[in-house]
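S.K.: When you read off a place in the sequence shown, starting at 1, and then add 17, the result is the number in the working numbering.
Note that CB positions come from ideal geometry on N, CA and C, so glycine has one too.
In this text the structure is predicted, and so the values were computed from the model without any measurement.
A single structure is presented below for examination.
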Amino acid sequence: MAKKNVTDDFSLEKIAERLRSNRMDAYIASNPDSLLSIMDELISDDMTVANGGSVTLSETGVIEYLRGRRINFLDKEKARADGVEAVRNVELGAFSADAYVMSTNALTSKGWLYNVDGKGNRVAALVYGPKSVIVICGKNKLVKSVKAAHKRLKSYTAPANCERLALKTPCVRTKTCMDCSSNDRICNAYTVVRKSNIKGRIKVILLDFEAGY
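Structure below.
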């Protein structure tokens with residue numbers, strides 16, 4: 018499924034200002050190399066680092082970057098080979114991590130993080146637990162409002178992710194959310210983070226290129 022282009026009427030610099038006014042740190046990366054340079058600043062050797070499932074992290078090389086660092090990386094993908102309990106242990110371990118790395122489903126022009134999760138572990142870690150959360154956001158995920166974020170999720174993000182994961186949800190066929198009751202449903206926990214309770218705990222890296230769904 019092709020990526021959907023999002024037309025913006027605001028700059029990354031403006032969004033960064035609004036994120037900072039919302040008590041979040043903000044950075045701008047012009048390309049994948051500058052993204053990894055910012056990651057070097059935010060992650061120190063010997064840290065315990067976890068991540069949320071994300072196409073953005075894979076596409077930008079962040080997962081391989083984390084695997085190559087001298088850190089205690091709680092690698093969820095590798096844990097899958099050891100079964101459900103191993104994955105659960107990694108997810109629980111994320112709550113006491115020094116840093117949690119994830120993407121976001123959308124970022125509004127007010128600097129609000131909009132996310133939807135299946136099990137809820139990703140949005141839970143965003144809201145509480147890890148000492149810091151590093152959110153990587155492609156410019157294709159910038160939207161004007163929460164309403165626009167929800168529309169983008171229903172018409173693009175959710176169907177694309179369900180198709181990628183080979184799930185048996187109606188949206189794979191219809192290409193739009195049907196608010197289904199499928200056992201494979203991934204849209205269960207909805208969150209909007211407007212401000213960071215602890216100043217600077219959430220660090221958003223804005224990408225001046227498209228990445229993820």
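Please classify L182: does DSSP put it in a helix, a strand, or coil?
M.R.: coil
S.K.: Can you name the start and end residues of the alpha helix (DSSP H) that D50 belongs to?
M.R.: P49 to L59
S.K.: What are the partner residues of C154, as DSSP defines its beta bridges?
M.R.: Bridge partners of C154 according to DSSP: L223.
S.K.: Excluding the 5 residues flanking T186 on each side, which residues of the same chain have their C-beta closer than 7 Å to its C-beta?
M.R.: C179, C197, S199, D201 and R202
S.K.: DSSP state of V145, grouped into three classes?
M.R.: Before going further, note that residue 145 is Tyr rather than Val in the sequence given. Residue state, collapsed to three classes: coil.
S.K.: Going by DSSP in three states, F112 sits in which element: helix, strand or coil?
M.R.: helix
S.K.: Do the stretch 53 to 65 and the stretch 161 to 172 touch if we need at least three Cβ pairs shorter than 8 Å?
M.R.: no
S.K.: Does the Cβ of A19 have 16 or more other Cβ atoms within 10 Å, making it buried, or fewer, making it exposed?
M.R.: In this predicted model, A19 has a pLDDT of only 48, less than 50, meaning its place in the structure is not dependable; the value taken from the coordinates is given anyway. So A19 ends up on the exposed side.
S.K.: How about R137 and A206: do their beta carbons lie closer than 8 Å?
M.R.: At residue 137 the sequence reads Gly, which differs from the Arg that was named. Result yes, Cβ atoms of G137 and A206 sit closer than 8 Å.
S.K.: Determine the DSSP secondary structure at N132, reduced to helix, strand or coil.
M.R.: strand
S.K.: Note down the Cα distance separating T24 from V133, rounded to an integer number of angstroms.
M.R.: Confidence in T24 is poor, its pLDDT being 41 and thus under 50, which makes the residue's placement unreliable; the coordinate value appears in the next sentence. Rounded to whole angstroms, T24 to V133 spans 22 Å at the Cα level.
S.K.: Consult DSSP for N122 and reduce its assignment to one of helix, strand or coil.
M.R.: DSSP places N122 in coil when its eight states are reduced to three.
S.K.: Determine the closest residue to Y131 out of K148, N106, K161 and I45, with distance taken between C-alpha atoms.
M.R.: K161
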